[in-house]
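J.: Sequential numbering of the sequence shown, starting at 0, is according to numbering that gives the first Met the number 0.
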Amino acid sequence: MTPPKPIKENPALSPREPPRTWNALSVSERFRSLYGSRKLLVATHREPVIVQPSTKGASPEGDSPKLRYPAGGVSQSLHRLLLQTGGDWVSLQSSPGPSSLDISIPGNPASYTLFRLSVENPYREEEYQRFSNDLLWPLFHEEPGRVGSRPGDFLGYEAVNRLFADHIARITHRHEIGVLWIHDYQLTLVAKELRALASGPLPPIAFFWHIPWPRQEFLAHIPERRTLLEGLLDYDFLGFQTALYRERFLESVAREFSGSSRINVSPRLVVKDGRRIHVGDYPIGVDPGRFETLSLDPKGQAEARAFLREHGIGPKERLLISVDRMDYTKGFLKRLQILDSFFRSFPEWIGKLRLLQIAPLTRSDHPTYQGYQRKVRDAVRTTNDRWKADDWFPVVSVERTVDHRILAPLYRMASGALVTSTNDGMNLVAKEYLAAQKDEGGILFLSRFTGAAQGLREAVLIDPYDPQTAAAIIHRALAEPLSIRTGRNKILREQISRNNIFQWMGSILTGVHATEQEKQEE
Ligand code: ADQ
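1. F114 to D465, Cα distance in whole Å?
2. Which word fits A478, buried or exposed, when buried means at least 16 other C-beta atoms lie within 10 angstroms of its C-beta?
3. Cβ atoms of V394 and P527: under 8 Å apart, would you say?
4. For P59, name the three-state secondary structure that DSSP assigns.
5. For P522, count neighbouring Cβ atoms within 10 angstroms of its own Cβ and tell me buried if that reaches 16, exposed if not.
6. Within a Cβ cutoff of 7 Å, which residues of the same chain sit near L188, ignoring the five residues on either side of it in sequence?
7. Can you list, in chain order, the residues of its chain with a C-beta nearer than 6 Å to that of A470? Leave out the 5 residues immediately preceding and following it.
8. Measure from the alpha carbon of L332 to the alpha carbon of each residue in E347, P47 and A358, then state which is nearest.
9. Going along the chain, which residues of its own chain have a beta-carbon closer than 8 Å to the beta-carbon of Y244, five neighbours each way excluded?
10. Going by Cα to Cα distance, which pick from E246, Q300 and F206 is closest to Q215?
11. Go ahead and label D438 buried or exposed: buried means 16 or more other beta carbons lie within 10 angstroms of its beta carbon, across all protein chains shown.
12. My parser needs the alpha helix (DSSP H) runs of 4 or more residues fully inside the region 50–125; what are they?
13. Please state the DSSP three-state secondary structure of A205.
14. May I have the straight-line CA-CA distance separating E520 from Q185, to the nearest angstrom?
15. Kindly list the residues whose CB is nearer than 6 Å to the CB of Q467, restricted to its own chain and excluding five residues on each side of it in sequence; keep chain order.
16. Mapping the DSSP letters down to three states, classify T361 as helix, strand or coil.
17. Just verifying my parser: in three-state terms, what is the DSSP assignment at D296?
18. Are three or more beta carbon pairs between the region 404–411 and the region 300–317 nearer than 8 Å?
19. In chain order, what residues of the same chain have a beta carbon less than 8 Å from the beta carbon of P287, not counting five sequence neighbours either side?
20. Is E126 buried or exposed, if buried means 16 or more other CB atoms sit within 10 Å of its CB?
21. When you compare each of A242, P266, L196 and F153 to L227 by their alpha carbons, which one comes out closest?
22. Between the beta-carbon of F206 and the beta-carbon of I181, is there less than 8 Å?
23. Is the CB of E517 under 8 Å away from at least one CB in chain C?
24. For F30, which of helix, strand or coil comes out of DSSP?
25. For the region 76–90 against the region 36–44, do three or more pairs of beta-carbon atoms, one drawn from each stretch, fall closer than 8 Å, so that the two count as touching?
26. Note down the Cα distance separating A388 from I349, rounded to an integer number of angstroms.
27. By Cβ distance, which residues of its chain are closer than 8 Å to P143, with the 5 residues on each side in sequence left out?
28. From this set, N107, Y111, S117 and I104, which residue's C-alpha is nearest G96's C-alpha?
29. At which residue ranges does the region 300–355 contain complete beta strand (DSSP E) runs of 3 or more residues, listed in the order of the chain?
30. Any chance you could list the residues with Cβ under 5 Å from a heavy atom of the ligand ADQ, keeping chain order?
31. In this structure, how does DSSP classify L39 when only helix, strand and coil are distinguished?
32. I need the straight-line Cα distance from L91 to E46, nearest angstrom please.
33. Take V379 and list the residues in its own chain whose beta-carbon comes closer than 8 Å to its own, dropping the five residues that flank it on each side.
34. Checking the sheet assignment: what are the DSSP bridge partners for N263?
35. Cutting at 6 Å between CB atoms, please list the residues of its own chain near Y528, excluding the five before and the five after it.
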């Protein structure tokens, strides 16, 4: 095995870099100062817009077709970044309309082009979806019982990754790209395919892994794990949500390639065929200022009150809130068990505290999800039947997306947020909830099994597998004096303000540049 060169600490890559509060402007300025007029290219599986069937009248963007932007999430933050820096975005097309769109929004300094890919062969697309969502998603969330892919699905996965690479290669011929930034488990092989296509040097290729990296036992269920790992090592820069996931990834590499003369693992670095791949933890955040402002906006607050009225909730009722796609990793059934224990152990809360569960359906054309969603609805019904009192019942379930203008004031009105994921890369809802708590004592009840819990140590942590203890923790915390709750929130809010979404982007873009500089200096 060739020993790697000694590793010197690069200050730009160090998590100990001086604290600085990043914002949208400082990220775009940093990008310009590092990359000049070169562009940022982003690739994600899902597209950041929804094209609506054309209606009469001009769209807010001033051109047709009419676009809608999904509520929240990372794609909206990257969308806002590209409106600052300019660039290109490549993703699979999921709504009607042309194969490329120029996205600009008045008041933003730049615009970007969205390239919308279509997979011509429907079998390959099905295989790709199955490999991604019925093999990688459950196994990376340590749920082997949910695996539903078929042998051979990997062919479709490879084909779609190749489609992305082909398209990105064409863009890199036309435009000068500063960084290629590829996202998540659906696109692990893009760098490998790009390197196979390239005749000259490529811009640095960064990759961010949004979901957990599991314990080794779960990875062992994936026959193609070696190819996936090799694919990841074809990137120049790999980001994970937490140090734990980063370490597990390095352990996977070390195990799979032990004895290989081509791959060497050192702290925060893998050396493969003489190439150095930076591996770091970059916990993703939210835009706290935006959530705080939205939560305090009188118009949004009025709409939130109207929302509560519409769902039969009185303005003064005490609420716990949960907001997540109805995916099994979010622990819906565990949450209802916690509620059940709560009312059983502390019946004084019957009639006095409700759960508002905002849960848009996800992948509901899929049998696994259909089954899970049916179970959740049954459990909601059972819980409501068991604990109802006169007109009152404990769970209000709303199965749709709610605009952040309404969601942020709802966060603020709720006495607590209940995050019960059984495994979650980070969990942005936890951070959004805190951002909406300016001078308020809302309590974040945060599952230990989220990436967020690895950073937000002051949060009230719960174990969704232990409903009785979780119920007791909730009961105790709700009785705490306001000063304790606001004091805790002050610390947590400082953390999410410092480690915000712009800090995430800024440190990754800076880190990629520093890695490239190091390579050139070697
Ligand atoms: P997700 O699994 O989608 O993301 P999460 O981090 O909670 O989970 O982000 C969900 C986003 O969607 C939030 O911005 C939330 O406000 C929004 N959202 C959810 N339900 C909504 C609703 N009903 N109405 C409006 N908005 C809603 C994946 C990983 C996570 C990781 C993120 C980011 O699974 O672990 O935190 O990527 O890296």
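No residue lacks a Cβ here, since even glycine has one placed at the ideal position from N, Cα and C.
This structure is a prediction, so every number in the text was calculated from the model and none was measured.
T.: This is what the structure gives:
1. 46 Å
2. Exposed.
3. In the structure displayed, the chain extends from 0 to 521; residue 527 sits before or after that span and is not available.
4. Confidence at P59 is low in this model, with a pLDDT of 47, below 50, so the placement of that residue should be treated as unreliable; the coordinate-derived value is given next. P59 falls in the coil class under three-state DSSP.
5. There is no way to answer for residue 522, as the model of the chain reaches only from 0 to 521.
6. Same-chain partners within the cutoff: E157, N160 and G230.
7. Hits under 6 Å: I337, S340, F341 and S344.
8. A358
9. Answer for Y244: W208, P211, W212, D280, G424 and G450, listed in chain order.
10. E246
11. exposed
12. 72–84
13. strand
14. 33 Å
15. S340
16. coil
17. coil
18. yes
19. K430, L433, A434, R492, I495, S496 and N499
20. buried
21. Looking from the CA of L227, the closest CA among A242, P266, L196 and F153 belongs to F153.
22. yes
23. The structure shown contains no chain C, having only a single protein chain.
24. helix
25. yes
26. Between A388 and I349, the C-alpha separation is close to 8 Å.
27. P137, F217 and H220
28. S117
29. Qualifying beta strand (DSSP E) stretches, in chain order: 317–322.
30. A70, G71, G72, V73, H209, I283, V322, I357, P359, T400, V401, D423, G424, M425, N426, L427 and V428
31. strand
32. C-alpha separation (whole angstroms): 6 Å.
33. L335, Q356, V394 and S396
34. V270
35. Residue 528 is absent from the structure shown; the chain starts at 0 and stops at 521.
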